[in-house]
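Chemist: Have a look at this one.
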Amino acid sequence: MTYIVNDSCIACKYTDCVEVCPVDCFYEGENMLVIHPDECIDCGVCEPECPADAIRPDTEPDMEKWVEFNRKYSELWPVIITKKDPLPEAEERDGESGKLEKYFSERPGEGG
1 MTYIVNDSCI
11 ACKYTDCVEV
21 CPVDCFYEGE
31 NMLVIHPDEC
41 IDCGVCEPEC
51 PADAIRPDTE
61 PDMEKWVEFN
71 RKYSELWPVI
81 ITKKDPLPEA
91 EERDGESGKL
101 EKYFSERPGE
111 GG
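At position 71 of the sequence shown (counting the first as 1) the number is 71 in the UniProt record's numbering, and the numbers step up by one without a gap.
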């Protein structure tokens, strides 16, 4: 098992999760985070830290696409280990559906 970040993170990018991760397996895109599935040790400490409920175990139904999505972008984006402010529109976008199609950016974040 591993944990993944899904589209609930897009346009919010809360980073509460990165500070509790013992193996630094979060990677930062311009407007979301991902988890490298091969680096995640399945400890689960990040899941309750996410205010947007964007971190889920890969054992839930239909998670295969998110495992591959997280793998792809974790290999392209920089690692993030320091908590940052969420995106300005985070509260407004939290819980919105269809965020992958509407807002996702492939551009990397700053990391750090």
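Heads up, the beta-carbon is just placed ideally off N, CA and C, and yes, glycines get one too.
When you compare only the Cα positions, how much space is there between F26 and C17?
Modeler: Roughly 8 Å between the two C-alpha positions.
Chemist: Check the C-beta distance from I41 over to V23 and give it rounded, since I have them as a contact under 8 Å.
Modeler: So it is a contact: roughly 5 Å between Cβ atoms.
Chemist: Work out the CA separation of C50 and E30 for me, nearest whole Å.
Modeler: So the alpha carbons of these two residues sit roughly 18 Å apart.
Chemist: What number of angstroms, rounded off, separates the C-alpha of K13 from the C-alpha of E101?
Modeler: Cα to Cα, the separation comes out at about 16 Å.
Chemist: When you compare each of P37, D38, C21 to C46 by their alpha carbons, which one comes out closest?
Modeler: It is C21 whose Cα lies nearest to the Cα of C46.
Chemist: Just tell me which of L33, I35, R71, A52 has its CA closest to the CA of G95.
Modeler: Nearest option by C-alpha distance: A52.
Chemist: Let me check one thing: in DSSP terms, what residues is Y14 bridge-paired to?
Modeler: Note: Y14 sits in no beta bridge, so no partner.
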